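Counting from 102, one number per residue, gives the positions in the sequence shown under the working numbering. The C-beta atom is built at its ideal place from N, Cα and C for all residues, glycine as well. Just so you know, these numbers come straight off a predicted model, no measurement behind them. A short worksheet on the structure shown next.
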Amino acid sequence: MTGQDESAQPAQPDPAAVAGRERLAEPVERTGLFGVTTTGDTSGYGGLQVRRAPRVSTPRPYGGYFDEIADLLTASLARSGGSFPEAVEDVVVSNGELTLYVRREHLPLVAARLRDDPSLKFELCLGVSGVHYLADTGQELHAVYHLLSITHNRRVRLEVTAPDADPHVPSLTGIYPTCDWHERETWDFFGLIFDGHAALTRIEMPDDWRGHPQRKDYPLGGIPVEYRGATIPPPDERRAYE
């Protein structure tokens, strides 16, 4: 006996369902990096391609406490004049994590209900991460929020998307003040604009830096280094390690 409540653990995925999802995945192609054979690129940027499986919504039951979170959030949104189906476009359970794909215009309401409803009580946002999926037309930019309920010892991920043509997401600094620097970093590196942020300025790169260096379309030429005139060569000119 471990003393843990087995009912609180997420259910193991159905092997047949997993196999079905794997069949949907595109083949993975990798070039460059440390297994490089035809180029000097050891960074992976000179042709590294990883095709990922399409997002597949997880059917209920989700397992463990995940179903309870979904039910409690549904009721809480209804009491606030919202709707779970309108606010959450997808629910995905993967690798022991529950991810709610929230439509960006509903993000502040969903976050507020997750924080303020006593039955949910997600008091802490652990950070904001950015992702840029260049081929994901119409939703190239993603912001991911990791929430923790200290009261109930539970975790949930929120993910929102925005197109490159309209890279705006509502700021959550008014709900989770810890998002302040995290949103600045995500804007700095990915170009996501968090509407309502009090001071969306550079936090890692110099104030006069052009572009957002963690985007997939950011140029990867040689980088001048302000130290004794040194330079870093472009990726395809770097030494390969066999």
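| Asked | Found |
| --- | --- |
| Backbone secondary structure at Ala263 - three-state DSSP | strand |
| Buried or exposed (CB count within 10 angstroms, at least 16 for buried), Ile251 | exposed |
| Of the listed residues Phe223, Arg204 and Arg205, nearest to Ala213 (C-alpha basis) | Phe223 |
| Residue burial classification, Pro186 (beta-carbon count within 10 angstroms, cutoff 16) | exposed |
| Span of the beta strand (DSSP E), counted from its first residue to its last, around Pro186 | Here Pro186 belongs to no beta strand (DSSP E); instead the alpha helix (DSSP H) covers Phe185 to Ala188. |
| At least three beta-carbon pairs within less than 8 Å, the region 258 to 275 to the region 237 to 248 | yes |
| Cα-Cα separation between Glu123 and Ala236, rounded to whole angstroms | Residue confidence is low: Glu123 scores 41 on pLDDT, short of 50, so the model does not pin down where it sits. Its coordinate-derived value is still stated next. Each residue's Cα considered, the two are about 20 Å apart. |
| Short Cβ contact (8 Å threshold) for Pro271 with Leu227 | no |
| Within 8 Å, strictly: CB atoms of Arg161 and Asp191 | no |
| C-alpha distance - Gly104 paired with Asp308, whole-angstrom precision | A caution first: Gly104 carries a pLDDT of 47, below 50, which makes its placement in the model too unreliable to give a value. |
| Cβ neighbours of Leu173 in the same chain (closer than 8 Å, five flanking residues each side left out) | Asp218, Ser220 and Leu221 |
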